[in-house]
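Working notes, beginning with the structure itself.
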Amino acid sequence: MWSLVRLNFGRWGTSRRCYQYSSLQCRGRPRIGTILKDGIAAHVDPSRVPQWRIFSESSMVRVSPTSQATIASHLRNCDIDKWGWVIYRTTYGDDEAWERCKEIITYRTRRNIADSDAPEIAKYLELTFVDDKSLFDGASKHQLRSHFRTWSLDAFQSENPRVKDVSGDLGYWVQGCGVPRHVYFFQVDLESLRSIVFEAPQPPDYDLDLESHINFIDAYWKPMRERAEVLQHTDQDEIDASETAHEPIEGCREENVGWMKVSPETMGSDWYEVWLGSIGGDASMWYAFYKRPPEKVYW
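For the sequence shown, the residue numbers in my numbering are 27 to 325.
Next up, the structure:
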């Protein structure tokens, strides 16, 4: 039974959001993907953009905080000093296009903050562009995950010195506390670079048709055979079937390959708020949005 569903057209219309269920087993089911498919209309007619609301089973409605206010609360209550994303560059044939790509990503990430009800979060936003040809030219998702997890453990305490309770296994703590900056990251490969710089509308215009994309990667995803909980509770025949169900993507035939194509339009506070509290590693919230590449996530 679903107790609360949180919906948002967002200022520019493509947001779909769900949180707070009476049963964790319902969290992130594909049903969510059918909610508010026509949200894009709000781009064209701002008068159609509703306020954030929570719809409950008892038909009670109340205004809910914006994503910017939610992030501000998260930073304040959890003693976190930075939010934002890490973006890896894995194509090195066009430096000028890469510089333009960074400008576009930065613009699209920041532009809905200044006029929000929590503009102060802009000063805590950190976009970390990882650019090293010797390490990342043509790097695989597996290589990026390995590097990111190491970086995350090193950077978490230096970026967030106010956090004191990190005793024991820091890696478990970082993943378990669900700070999106340290659980998920982005990749710009040749295909996404071309789509962002050369194919999609350029700022200040909006990419309403989502012609551009960037790869959004779960740092803690593993193939089914490497996940102990799957091996313990899943028949061998089912695992075998999952590994032949689809055409291979970078050698993986499973339905969930641990990454998806999303629009740079989604890289701002709305998308960040979605993943607050998500632990990664095939978490159920992933399936609320996931589409197997080459399909894009229209969110």
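Think of the CB as a built atom: it goes at the ideal place given N, C-alpha and C, for glycine as much as any other residue.
As the structure is a computational prediction, the values presented were derived from the model and not from experiment.
Return the residue from the list the options that minimises the CA-CA distance to residue i.
| i | options | result |
| --- | --- | --- |
| residue 157 | 219, 116 and 280 | 116 |
| residue 179 | 168, 245 and 304 | 245 |
| residue 320 | 288, 294 and 310 | 288 |
| residue 227 | 100, 126 and 101 | 126 |
| residue 1 | 243, 93 and 206 | Residue 1 is absent from the structure shown; the chain starts at 27 and stops at 325. |
| residue 324 | 235, 312 and 273 | 235 |
| residue 129 | 212, 251, 170 and 222 | 222 |
| residue 238 | 301, 217, 169 and 273 | 217 |
| residue 188 | 108, 280 and 295 | 108 |
| residue 282 | 298, 297, 302 and 250 | 250 |
| residue 329 | 271, 176, 279 and 301 | Here the chain covers residues 27 to 325 and nothing more, so residue 329 does not appear. |
| residue 161 | 111, 173 and 154 | 173 |
| residue 148 | 279, 91, 295 and 208 | 295 |
| residue 111 | 233, 105, 182 and 90 | 182 |
| residue 103 | 190, 310 and 219 | 190 |
Which partner residues does residue i have in the DSSP bridge list?
| i | result |
| --- | --- |
| residue 209 | DSSP lists no partner for residue 209. |
| residue 242 | 212 and 286 |
| residue 323 | 288 |
| residue 109 | 151 |
By the three-class DSSP mapping on this structure, what secondary structure does residue i have?
| i | result |
| --- | --- |
| residue 115 | strand |
| residue 154 | strand |
| residue 275 | strand |
| residue 301 | coil |
| residue 316 | coil |
| residue 250 | helix |
| residue 228 | coil |
| residue 94 | helix |
| residue 236 | coil |
| residue 165 | coil |
| residue 159 | helix |
| residue 186 | coil |
| residue 311 | helix |
| residue 134 | helix |
| residue 120 | coil |
| residue 181 | helix |
| residue 222 | helix |
| residue 143 | coil |
| residue 281 | coil |
Take the Cβ of residue i as the centre, count every other Cβ of all protein chains shown within 10 Å, and call the residue buried at 16 or more, exposed below.
| i | result |
| --- | --- |
| residue 210 | buried |
| residue 98 | buried |
| residue 159 | exposed |
| residue 122 | exposed |
| residue 167 | buried |
| residue 276 | exposed |
| residue 231 | exposed |
- Kindly confirm or deny that the stretch 286 to 300 and the stretch 126 to 138 touch, where touching means at least three C-beta pairs closer than 8 angstroms. The answer is yes - the stretch 126 to 138 touches the stretch 286 to 300, with three or more Cβ pairs under 8 angstroms.
- Three or more C-beta pairs closer than 8 angstroms, one from the stretch 139 to 159 and one from the stretch 216 to 230: is that the case here? A contact is defined here as three or more CB-CB pairs under 8 angstroms, and the stretch 139 to 159 fails this definition with respect to the stretch 216 to 230.
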